[in-house]
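In this text, residue positions in the sequence shown follow my numbering: the first is 286, and each later residue adds one.
First comes the structure, then the notes that go with it.
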Amino acid sequence: MFEHEKLVFLLVIVRLRSINCAMEERVIGGVDTRIEEYPHSVFLLVKCNAVWMCGASILNQEILLTAGHCVTSCQVDTDETHIITGYVGHEDLRKVTITRTAKDLVVHENYNDYSLENDVAIVMTESIPLSDKSKRVILHCDWSFPNTPIAYVAGWGIYDESTPNKGSKILMSVKQSVKTPEICEVIGYLTPGMFCAGSTRAEDPRAARGDSGSALVYREFHQIGIVSFKVKSYPALMVYTNVTYYYQWIQEKSDQLYCKSTETTSNQQ
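Here it is in structure tokens:
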């Protein structure tokens, strides 16, 4: 198996206000963007034994979609010290007024932390108000790869690898070219639940640490992928979780979380 790099960023300083100095942010080579262009984007601050940051997307008012490796060590429903907070509704993290804490989550039961197979998870929160700054993504159960499609990823990952501890708090986006399986073979073997996008040129724009879990979208809010990992030999060629491949799993687990939440609420009344 190839040597991969997860795109999470471990935070040293825990306090929320330390967002101003501790996080590696931004897509490398990307451009500043307004949240209205990517209103599905969610910044995740994860505190589960350690503290790190990831991205996510709004699947509906109460469900976020992210990478499995972003939350695999978390037990938010049983451990009060495990806290996942989602920030939505603004491109500037310093100006976010809507935050939601995770109530429950499901990581794919066959997630492999070594190979990053089945790198998908859903997180349940309190209801998120929808607006022009916070919108749901659209998933497809039968999406197929067209010829050289162009898609986009937005996130708060690092923007300059030479200064990994420096970055603004602004959402950034980058264009990605979805590659054919033949081109992706340069990375190594990819499972049916993976695909690659980006460039084989190392200097080209790309997602970076802190962008794990962020959505790859085309035609506005149609999500086709989740940022998963990259390999060191091709740093600008990202591997994404194929959300169409996991469409049924996402639907089934979302329904299960709703049923579990409804049952818990009924028992508390």
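Ideal Cβ placement from N, Cα and C applies to all residues, glycine included.
Which same chain residues end up closer than 7 Å to residue i when comparing Cβ atoms and leaving out the 5 residues on each side of it in sequence?
i	result
Asn345	Arg421
Tyr323	Ala439, Leu456 and Ser458
Pro434	Val463 and Tyr503
Val392	Gly353, Val356, Thr357 and Ala406
Trp428	Ile509 and Thr529
Asn403	Gly353, His393, Asn395, Tyr396, Asn397 and Gly478
How many angstroms separate the CA atom of residue i from the CA atom of residue j?
i	j	result
Cys426	Gln536	10 Å
Gln508	Ala341	11 Å
His354	Cys481	18 Å
Ser416	Asp364	32 Å
Cys333	Thr366	7 Å
Lys380	Gly374	9 Å
Ile348	Ile511	15 Å
Thr357	Ser546	20 Å
Tyr543	Trp534	14 Å
Lys515	Ser497	10 Å
Lys517	Lys460	20 Å
Ser412	Ile320	19 Å
Trp441	Thr318	11 Å
Leu501	Glu548	34 Å
Val336	Lys454	17 Å
Asp489	Arg385	34 Å
Gly452	Gly495	Because the pLDDT at Gly452 is just 41, under 50, the model does not fix this residue reliably, and the value given afterwards should be weighed accordingly. The alpha-carbon atoms of Gly452 and Gly495 are separated by roughly 11 Å.
Glu394	Gln541	14 Å
Val312	Glu505	Its pLDDT being 49, under 50, Val312 is placed unreliably by the model, and nothing is read from it.
Ser303	Pro414	With a pLDDT of 34 at Ser303, under the threshold of 50, the modelled position of this residue cannot be trusted, and the question is left open.
Phe328	Tyr399	25 Å
Can you give the beta carbon distance from residue i to residue j, rounded, assuming they're within the 8 Å contact cut?
i	j	result
Ser484	Ala436	Incorrect: roughly 13 Å between the Cβ atoms, too far for contact.
Ser513	Tyr525	6 Å
Ala352	Val316	Not quite, the Cβ-Cβ distance comes to about 23 Å (not below 8 Å), so this is no contact.
Tyr519	Ile472	6 Å
Cys359	Leu390	6 Å
Ala492	Met523	5 Å
Leu330	Met338	6 Å
Residue i: which of the options sits nearest, CA to CA?
i	options	result
Lys418	Glu402, Ile368, Leu390 and Ile383	Ile383
Val463	Pro477, Ser499, Tyr503 and Gly442	Tyr503
Ser499	Asp398, Asn334, Val528 and Glu488	Val528
Ser326	Ala335, Asp489 and Asp377	Asp377
Tyr372	His393, Glu394 and Ile343	Ile343
Which residues in the same chain have their Cβ closer than 6 Å to the Cβ of residue i, if we skip the five residues on either side of it in sequence?
i	result
Ala387	Val361, Ile369, Val408 and Thr410
Cys306	Since pLDDT at Cys306 reaches only 27, below the 50 mark, its modelled position is unreliable, and no value is offered.
Cys469	Leu475 and Cys481
What residues in its chain sit with their C-beta under 8 Å from that of residue i, if we drop five residues either side in the sequence?
i	result
Tyr532	Leu424, His425 and Cys426
Tyr530	Pro477 and Gly478
Pro466	Leu475 and Phe480
Of all the CB atoms in chain D, is at least one closer than 8 Å to the CB of residue i?
i	result
Leu501	As a matter of chain content, chain D is missing from the structure shown, which is built from one protein chain.
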